[in-house]
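Numbering (full-length UniProt numbering), first residue to last: 1 to 301.
We put the CB at the ideal spot given by N, CA and C, even for glycine.
In what follows, a single structure is set out as structure tokens and then discussed.
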């Protein structure tokens with residue numbers, strides 16, 4: 001995986017060059033394409049390398065110290081170098097990096113027409129050994145370099161904000177250089193992968209179980225409707241049970257509707273609770289605990 005870089009904006013106190021706060025209104029940009037580090041030089045650790053971004057003056061050919069009083073001296077700095085090769089200094093990549101190192105930069109970001117040339121990338125990134133370069137160097141495409149330059153100049157032209165008679169704050173663009181990843185997954189990614197697999201498996205198992213139960217119920221309903229199997233107990237209303245015929249005879253014995261029963265049942269004509277027909281004298285009935293009667297023939301028992 002390629003190296004990565006992301007800028008943010010910090011506000012720094014003028015009297016102490018210490019960080020006041022990070023600007024939450026600035027939308028960070030994550031650069032992970034057209035960016036490579038010089039692999040034979042110092043690489044940032046996993047936490048990355050942070051520094052205030054400044055533009056290296058390529059119009060002066062010497063390696064003089066950095067002359068920019070607006071930059072906070074107590075904070076680490078990263079040089080942004082436009083390797084234009086415009087015949088003003090004819091400075092090589094090595095010269096520009098050494099100049100940034102002399103100026104106290106902890107890293108350098110280089111871009112230009114000869115950087116990251118697609119047909120000659122390895123040669124354009126070549127940093128020979130024995131050059132005494134000890135800082136981190138990143139090479140980026142022209143588009144990325146121009147974006148960083150414009151962001152840096154935008155905030156450089158912002159005047160300090162006064163917080164009193166002797167204190168003020170000023171914004172600066174800070175750049176975070178991140179190392180290239182080996183491409184392996186870390187523990188969090190493994191955990192996320194396992195949890196995702198478990199969630200998908202649980203969802204599929206739930207769908208399969210609902211589908212299986214639905215098919216089972218449909219088949220059972222079909223068999224009941226065809227009279228091939230009796231009604232299962234679990235399909236009865238809650239708290240109900242099926243009586244055997246012998247139990248039914250004991251609890252609700254058959255009776256013959258007599259004239260006395262007919263008069264005692266109610267003031268009106270007794271009615272079968274099944275077929276709702278009038279129960280005639282001489283009909284074979286059963287009387288329920290609620291005192292309602294029904295024809296034995298209506299339910300076949």
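With contact defined as three or more Cβ pairs closer than 8 Å, the region 23-39 and the region 144-155 are in contact. In the three-state DSSP reduction, residue 140 falls in the strand class (E or B).
Residue 37 carries a strand assignment under DSSP once its states are collapsed to helix, strand and coil. Under a 10 Å Cβ-count criterion, residue 286 is classified as buried, with 16 or more other Cβ atoms of the shown protein chains found around its own Cβ.
In the structure shown, residue 102 adopts helical secondary structure according to DSSP, grouped into three states. For residue 70, the closest of 83, 194, 58, 52 by C-alpha to C-alpha distance is 52.
Boundaries of the beta strand (DSSP E) around residue 255: 254-256. Rounded to whole angstroms, the Cβ separation of residue 23 and residue 160 is 14 Å, and the two are not in contact under 8 Å. According to the DSSP assignment, residue 133 belongs to no alpha helix (DSSP H), since it is labelled neither H nor E. Secondary structure note for residue 195: it is in no beta strand (DSSP E), and the uninterrupted alpha helix (DSSP H) holding it is 187-225. Residue pairing for residue 6: DSSP places it in a beta bridge opposite 176.
Rounded to whole angstroms, the separation of the alpha carbons of residue 187 and residue 105 is 34 Å. About 16 Å separates the beta carbons of residue 131 and residue 107, which is beyond the 8 Å limit, so they are not a contact pair. A distance below 7 Å separates the beta carbons of residue 177 and residue 5. Between residue 29 and residue 210, the alpha-carbon positions lie close to 47 Å from each other. The alpha-carbon of residue 98 is positioned some 27 Å away from that of residue 10. Counting every other CB atom within 10 Å of its CB across the protein chains shown gives residue 25 a total below 16, marking it as exposed. Under a 10 Å Cβ-count criterion, residue 3 is classified as buried, with 16 or more other Cβ atoms of the shown protein chains found around its own Cβ. The shortest C-alpha to C-alpha distance from residue 149 to any of 169, 7, 296 is the one to 7. Counting C-beta pairs with one atom in each stretch, the region 187-207 and the region 42-57 have fewer than three that are closer than 8 Å, which means they do not touch. Here the alpha carbons of residue 82 and residue 154 stand approximately 17 Å from one another. Contact between residue 54 and residue 80 holds: CB atoms are separated by about 7 Å, below the 8 Å threshold. Across the structure, residue 13 and residue 198 are spaced so that their CA atoms are roughly 51 Å apart. The C-beta separation of residue 256 from residue 284 comes to about 6 Å, placing the pair in contact by the 8 Å criterion. Counting along the chain, no beta strand (DSSP E) covers residue 279, and no H or E run does either. Nearest to residue 56 by alpha-carbon distance, out of 74, 78, 73, is 78. Assignment of residue 18 by DSSP, reduced to helix, strand and coil, places it in the coil class.
Annotation: residue 290 to residue 220 spans about 33 Å, alpha carbon to alpha carbon.
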